[in-house]
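In my numbering, the protein residues as written are 4 to 189. The block underneath contains the structure these notes are about, expressed in structure tokens.
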């Protein structure tokens, strides 16, 4: 079983913010597959065979609670999960698969690491930068994408959804996935 945890904030007012790019990728995937969302495990949740798509409704900073709940219920290990989330250090139009690592200041990832007592899980970082000089990170990530960024955002959401589908099929060859997708696309 594979679980795709897509991070974001559940309220409508956050739907188009940079911090919700993980939810946006999940929405693309669910739409492509025609999957219906239900609420379970403190999350929006959909199942497609042996793949679960999970969008925690705990708010970003408490994402680990939902991750642990799902993992405990299904008796999963960190090798079974991919976390999709925003990365302000990467420019918009760039994605990066990574195996493990620090939270790099991302509170959703920090919550997951703390809840799992492990940093050794697969990640797909979706670039949302660059962050304007002088703007606090908290303000930047809660800002909507601009109209000028719409085309780049649409393209990278499609590519990110493709990348997740590829990961589901080929996660055993993580270096191949990295070499294929870790680059600027826009």
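The beta-carbon is built from N, C-alpha and C at its ideal position, and this holds for glycine as well.
Check, Outcome
"Give the straight-line distance between the Cα atoms of residue 97 and residue 186, rounded to the nearest whole angstrom.", "6 Å"
"Would you identify the three-state DSSP class for residue 128, choosing helix, strand or coil?", "strand"
"Mind checking which residues open and close the alpha helix (DSSP H) that includes residue 177?", "177 to 184"
"Which residues in the same chain have their Cβ closer than 7 Å to the Cβ of residue 123, if we skip the five residues on either side of it in sequence?", "81 and 103"
"Just confirm the distance between the C-beta atoms of residue 68 and residue 160, as a whole number of angstroms; I'd bet it's less than 8 Å.", "So it is not a contact: roughly 26 Å between Cβ atoms."
"When the Cα of residue 9 is compared with those of 106, 112 and 108, which residue comes out closest?", "112"
"Could you compute how far the alpha carbon of residue 18 sits from the alpha carbon of residue 152?", "16 Å"
"Give the DSSP-derived three-state secondary structure of residue 18 in the structure shown.", "coil"
"Within 10 angstroms of the Cβ of residue 49, are there 16 or more other Cβ atoms? Answer buried if so, exposed if not.", "buried"
"Measure the CB-CB distance between residue 85 and residue 53 and report whether it falls below 8 Å.", "no"
"My understanding is that residue 89 touches residue 6, with C-beta atoms under 8 Å, so please give their C-beta distance in whole angstroms.", "That pair is no contact at about 19 Å."
"Count the other C-beta atoms from every protein chain shown that fall within 10 angstroms of the C-beta of residue 166, then say buried if there are 16 or more, exposed otherwise.", "buried"
"So what does DSSP say about residue 46, is it helix, strand or coil?", "strand"
"Between 87, 99 and 44, which lies nearest to residue 74 when the distance is taken from Cα to Cα?", "44"
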